[in-house]
């Protein structure tokens, strides 16, 4: 079983590496450096304006830490065929899952601890928390994550842990109570409670191994985890494992009519595909909402402007591959329509979508800056960028691909 897990872990690394190479291309790396630099600069500037008397600082920190504890899943790497081929080795699966828990815990602890360290300057600046107390808070969060991982593994054995309300208590309510004690009462007491919870979680895990592994739940849990990974990669590149679902959304027919107002064949086809499909439309909505949230909390004008223009670029780049969505459908090649009309229809639709997205981002970014000149400059630059991306960049990219 140890060899089996090491082999699957190596294959898993190769799969992730293949997608990471596609994600971290030159364009994304430039955008990422600008984005991270802007966030770091904005965060440091915001910390300098805080006073250690903010009443909501501790509740916000508790919520953030509670969300951080949920980061990082149990990567069992169990496949759909395992319940058939590995069923005779069910008792040996304890060693396999122990390795998977160690691997998952190391990665999860790195993510959780790093993010917690990033949050701590806010707590130090906005409250009277000392450096020693911060150290105990970081340790408490790390211990809570270890207990969370034990609970996730126990759920694969213990039937009672599979109930939704017990899962809610084990992974949300108990960590919340301990974090409240740690932040609001005493970090040392919270750390002791976290150690006690970790000991109890390990006791439940050892006790649960007397039962048989729930293969169906293990396969479903791992499939759901990998689907989340694939969906992340699908934000940047096409992932065959992610298949969009189709829904008939009658309440969105007005969007179809708006996008296909010129009555051309491909305008209607692209508009209907965008509204009915969940892959591209969901991607547009998610990126727009994330961009609106980020630019809303950045008060500095030039930094806000960079992020505003950056998100317009990112959304446009993700929509362009939809141009080839129907190239594998033989009937689209039978349409008596010229390629120039297809290009024109796609450019009109993407222009309408990006103008709406740019307007929403502009409204969100203008809430902290009520200066008419700043709002006007931002609006003009956004419209110019949409025109360049939809009229020039899109045409060049389609021509190069064809």
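In our numbering, the protein residues as written are 18 to 419.
Positions of the beta carbon are idealized from the N, C-alpha and C atoms, including for glycine.
From a predicted model like this one, the values you see are computed outputs, not experimental measurements.
Practice task
Would you decide whether residue 384 is buried or exposed? Buried here means 16 or more other CB atoms lie within 10 Å of its CB.
Solution key: exposed
Practice task
Quick one: using the 10 Å Cβ neighbour count with 16 as the cut-off for buried, is residue 171 buried or exposed?
Solution key: buried
Handout entry: Meets three-Cβ-pair contact criterion under 8 Å: the stretch 315-323 and the stretch 244-252
Key = no
Practice task
Report yes if the C-beta distance between residue 22 and residue 117 is below 8 Å; otherwise report no.
Solution key: yes
Practice task
Kindly indicate which three-state DSSP category residue 498 falls into: helix, strand or coil?
Solution key: Here the chain comprises residues numbered 18 to 419, so residue 498 is not present and cannot be evaluated.
Handout entry: Among 189, 156 and 51, nearest to residue 169 - alpha-carbon criterion
Key = 189
Practice task
Would you grab the beta carbon distance between residue 378 and residue 308 for me? Rounded to a whole angstrom, and I think it's under 8 Å.
Solution key: 5 Å
Exercise for the section: Would you mind listing the alpha helix (DSSP H) stretches within the stretch 80-141 that are 4+ residues and don't spill past its ends, in chain order? Expected result: 99-102
Handout entry: Beta-carbon gap between residue 195 and residue 214 smaller than 8 Å
Key = yes
Problem - Unbroken alpha helix (DSSP H) run spanning residue 371, endpoints - result: 356-382
Handout entry: Three-state secondary structure (DSSP) of residue 241
Key = helix
Problem - CB of residue 364 within 8 Å of CB of residue 411, strictly - result: yes
Problem - residue 158 and residue 133 closer than 8 Å at C-beta - result: yes
Exercise for the section: Taking all protein chains shown into account, decide if residue 413 is buried (16 or more other Cβ within 10 angstroms of its Cβ) or exposed. Expected result: exposed
Handout entry: Buried versus exposed, by CB contacts within 10 Å (16 or more), residue 27
Key = exposed
Practice task
Assign residue 68 to one of three DSSP states: helix, strand, or coil.
Solution key: coil
Practice task
Quick one: using the 10 Å Cβ neighbour count with 16 as the cut-off for buried, is residue 390 buried or exposed?
Solution key: exposed
Handout entry: Nearest candidate by alpha-carbon position, reference residue 29, set 73, 87, 96 and 340
Key = 96
Handout entry: residue 176 - DSSP class collapsed to helix/strand/coil
Key = coil
Handout entry: Nearest residue (CA-CA) to residue 300, options 275, 249, 267 and 200
Key = 249
Problem - Helix, strand or coil at residue 188 according to DSSP, with G and I counted as helix - result: helix
Exercise for the section: If I'm right that residue 406 touches residue 51 with Cβ under 8 Å, what's the distance once you round it to whole angstroms? Expected result: Actually they do not touch by this definition, with Cβ atoms about 17 Å apart.
Practice task
Over the uninterrupted alpha helix (DSSP H) stretch that includes residue 207, give me the two end residues.
Solution key: 204-225
Practice task
Count the other C-beta atoms from every protein chain shown that fall within 10 angstroms of the C-beta of residue 338, then say buried if there are 16 or more, exposed otherwise.
Solution key: exposed
Practice task
Can you tell me the Cβ-Cβ gap for residue 142 and residue 64, rounded? I've got them flagged as a contact below 8 Å.
Solution key: 5 Å
Exercise for the section: Would you kindly check if the distance between the Cβ of residue 322 and the Cβ of residue 311 is under 8 Å? Expected result: no
Problem - Beta-carbon proximity of residue 92 to residue 121, cut-off 8 Å - result: yes
Practice task
Specify the secondary structure class of residue 278 as computed by DSSP and reduced to three states.
Solution key: coil
Practice task
Determine the DSSP secondary structure at residue 18, reduced to helix, strand or coil.
Solution key: coil
Exercise for the section: May I ask which residues mark the beginning and end of the alpha helix (DSSP H) holding residue 402? Expected result: 389-405
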